Amino acid sequence: MTQSLYVEAINRALREEMERDPAVLMIGLDVGRQGGLFGATRGLFDRFGAERVIDTPISEAGYTGAAIGLAMEGLRPVVEMQFADFVTVAFDQLATVAAKMHFMTQGAIHVPLVVRMPYGVNVTGEGYMTGAGPHHSQSPEAWFCHIAGLKVVMPSTPADALGLLKASIRDENPVMFFEQKGLYYTSRAELPEGEHVIPLGSGEVKRAGRDVTVIATGAMVQLALAAADKLQSDGISVEVVDPRTLVPLDRETLLSSACKTGRVLVTHEAPLTAGFGAEIAAVIAEDAFRSLKAPIRRLCGADMPVPPGAMVRAAIPTRARLEDAIRELAQS
Amino acid sequence: MTLGDERLIAMYRALAGSRRAEQRITDLNKKGVLRGHHSGLGHEAIGVGVGFAVRPDDCVQMSHRSGMMLAHARGGYSLKEAVLSQFGRARSHYANVEGRPRVLSIVGLVGTWVPMSIGVAMADKLRGRDTVTVTFFGDGAANEGAVHEAMNLAGARRLPVVFVVENNGFAVSMPTSEATAAEDFASRAAGYGMPGVSVDGHDVLAVHEVAEQAVARARAGRGPTLIEARITRWEPHAHGIADVRSEGEMALARERDGVRSFRQALLERGILDENSARAIEAEIDAEIAAAVEAGSVAIPERPDPQPLDRDAAFRLAYAV
């Protein structure tokens, strides 16, 4: 069986959904002839034409707002935010319009909109996007978790990217879909044949273990799995849990792992303070406190703008630091 | 296009109805019976002029200022409903209701609502409809970035959109002359490759004429138009907010009265006589009075609010 890159899984999800449902549209910067800056929409323009794969001028508020209007009219636009960082320009459209429309109209109007958000850095430290600086490297998922009405999805593998993107496109209200752009050309795996849809709100235990639970998102899942492999030989059994969607959150999967191991470490690329790790820690502290054998630990990005160049590796969790933190937690 | 007498009389009926309902609602706010109204007094000719230029299947996104007049002028939204909705006893004119002409929601941030109208126009075009989208906003909103982005997109894609700026000279307290160095808003259209036209917003026939041209142009696939309707705001920005203008300046603003001048013109042209004008006005007043009476019936004391059903609220917010 052939292996697919993370970016190819995204591309397959978009293509399959466009084939399945003529209401699905692509809209954003360079999504047409260019095929997307990272190649996620490659081939769609030739296949589906300029009416359904819509290049726009640089105007995030304009095209995101237009996509909301399209969605209100029953189409299913998928906006590509060229870099997740650019969403600040469109924030008002998402927070004020998209998130609240269904609620404010008592369910009369749905906004089936997906905003694809290429975020983060290439944590391998090699190749593209290892240090694109403060305005092209952020992980802004937590901003959106605090806006009632927006679902927030974060796939960590090609298969999850495929299944979750298809579910997001079929969802009836806005979904912020966070694609870890460092994974686009570094993460490769076999994809399931045929229809593969993963319901939003289902986390997954990526590796079973006994001693420590690592709850990780995006590229941190890969690092956690690598760290778990390494620690296995030191006799530390690590369970890796990926919530996959932050909103809605699969609390049960997180809590049952926390109760099982009694030791929890939460890790993400985004800055520590008020990051989504804080919410996960709170959920576990509230509902699994009595099962804990040690305080919950967080290993997250530094509270600073993402630095450019090689310095970025000092500001986000690395495999080595993750191993150290897990080892320390296992022994506490 | 010359309008027939019947159409002109219908226009007067819509204008006089809008004025009298708006006056009554504004007065009820001043008395404290109602709260939180953005009075549209003085703006009637804009709503009626545009309302008579669009089809029921055209999509109109109405502003908080002239929305009620527009909905009423388009038909399917009576003065009774307009008044009752102020008492929370009828659906507002912002909602799409079966049997009423098509509308598009707005949100509480001015200018923010404009880009979604672009999407509606794109959707209609994709589906091969010949409908037009009309979006209203004020001079304050016109300086928002989202509005510029929307106008640029409409121009670039030659979308069937009509932008209507209601320029009443003030964004709450900020005079237009201090908010922009541009002489007018219509001239901005050139920057987006669309025609821009500035019109006296008190003159219902002038508004109607430019609206008809813009709508026809959009319907023919020739792209968007920006209409600036210059108007005076008779009341403060909203109920409960003091106006920065002096009493004298406010009185001066009220001298520009598009309803009175249109009535006068119809009388002079012999299309209406004094008696028939008064008959129309009496009918309107009776409808409004009945609606106010129905709306004012004491609302039964509400029991303490039930505890919030958080799961139900989550499902409504997230459509799950």
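Chains as they are written, first to last, in the working numbering: chain A, 2 to 333; chain B, 4 to 323.
Quick reminder that beta carbons are idealized off the backbone N, C-alpha and C, glycines included.
Note that this is a predicted model, so its numbers are computed, not measured.
Check, Outcome
"For the region 39-51 of chain B against the region 113-130 of chain B, are there 3 or more C-beta pairs whose distance is under 8 Å?", "no"
"Do three or more CB pairs link the region 84-104 of chain A to the region 154-166 of chain A at distances below 8 Å?", "no"
"Going by beta carbon distance, what residues of the same chain come within less than 8 Å of residue 256/A, once the five residues before and after it are set aside?", "284, 285, 288 and 289"
"Closer than 7 Å by beta-carbon distance: list the chain B residues that pair up with residue 60/A, in chain order.", "152, 155 and 156"
"Tell me whether residue 165/B sits in a helix, a strand or coil according to DSSP, three-state version.", "strand"
"Got a sec: is the Cβ-Cβ distance from residue 44/A to anything in chain B below 8 Å?", "no"
"How should residue 145/B be labelled, buried or exposed, when 16 other C-beta atoms within 10 angstroms of its C-beta is the threshold for buried?", "buried"
"In the DSSP output, which residue or residues are listed as bridge partners for residue 146/A?", "BP columns for residue 146/A are empty, so no partner."
"Can you name the residues of chain A whose CB is closer than 7 Å to the CB of residue 148/B?", "62"
"Under 9 Å Cβ-Cβ, which residues of chain B neighbour residue 98/A?", "108, 110, 112, 115, 116, 118 and 119"
"For chain B, is any of its Cβ atoms less than 8 Å away from the one on residue 103/A?", "yes"
"Considering residue 161/A, what are the terminal residues of the alpha helix (DSSP H) in which it resides?", "159-171"
"Could you have a look at residue 77/A and say whether DSSP puts it in helix, strand or coil?", "strand"
"Please report the Cβ distance between residue 240/B and residue 40/B, rounded to the nearest whole angstrom; I am assuming they are in contact, meaning their Cβ atoms lie under 8 Å.", "Contact flag wrong, Cβ pair sits at about 11 Å."
"If we cut at 8 Å on Cβ distances, does residue 123/B have a partner in chain A?", "yes"
"Counting C-beta neighbours from all protein chains within 10 Å, is the total for residue 117/B 16 or more, i.e. buried, or is it exposed?", "buried"
"Return yes when the Cβ of residue 254/A is within less than 8 Å of the Cβ of residue 211/A, no when it is not.", "no"
"Do you know offhand how far residue 38/A's Cα is from residue 67/A's?", "21 Å"
"What do you get for residue 278/B, buried or exposed, if any count of 16 or more other CB atoms within 10 angstroms of its CB means buried?", "exposed"
"If contact is defined by three or more beta carbon pairs under 8 Å, each pair taking one atom from either stretch, is the region 8-22 of chain A in contact with the region 42-51 of chain A?", "yes"
"Tell me the rounded alpha-carbon separation between residue 185/A and residue 131/A.", "12 Å"
"Along the beta strand (DSSP E) that carries residue 151/B, what are the first and last residues, could you check?", "Looking at the DSSP string, residue 151/B is not in any beta strand (DSSP E); the run it does join, the alpha helix (DSSP H), is 148-159."
"Measuring CB to CB, does residue 73/A end up less than 8 Å from residue 116/A?", "no"
"In chain order, which continuous runs of the alpha helix (DSSP H) of length 4 or greater are located wholly inside the region 255-289 of chain B?", "261-271"
"By the criterion of Cβ-Cβ separation under 9 Å, what are the contact partners of residue 310/A in chain B?", "Within 9 Å Cβ-Cβ: nothing; residue 310/A doesn't reach chain B, min ~32 Å."
"Between 124/A, 178/A, 195/A and 242/A, which has its C-alpha nearest residue 206/A's C-alpha?", "242/A"
"Looking at chain B, is there any beta carbon in it that lies within less than 8 Å of the beta carbon of residue 347/A?", "Limits of chain A in this structure are 2 at one end and 333 at the other, which puts residue 347/A out of reach."
"Can you give the Cα-Cα distance for residue 119/B and residue 70/A, rounded to whole angstroms?", "4 Å"
"If you measure from the beta carbon of residue 204/A to each beta carbon in chain B, is any gap under 8 Å?", "no"
"If you drop the 5 nearest sequence neighbours on each side, which residues of the same chain put their C-beta closer than 6 Å to that of residue 51/A?", "none"
"CB residue 211/B to CB residue 264/B, shorter than 8 Å?", "no"
"Does DSSP put residue 29/B in a helix, in a strand, or in coil?", "helix"
"Excluding sequence positions up to five away, which residues of its chain have a Cβ less than 6 Å from the Cβ of residue 278/A?", "267, 269, 299 and 301"
"Check whether the region 314-326 of chain A touches the region 211-225 of chain A, counting contact only when three or more Cβ pairs, one atom from each stretch, lie closer than 8 Å.", "yes"
"Using 7 Å as the cut-off, classify the Cβ of residue 130/A as near or not near the heavy atoms of the ligand COA, replying yes or no.", "The ligand content of the structure shown is nil, which means the ligand COA is not present either."
"Taking the DSSP output, what are the residues bridged to residue 179/A?", "118/A"
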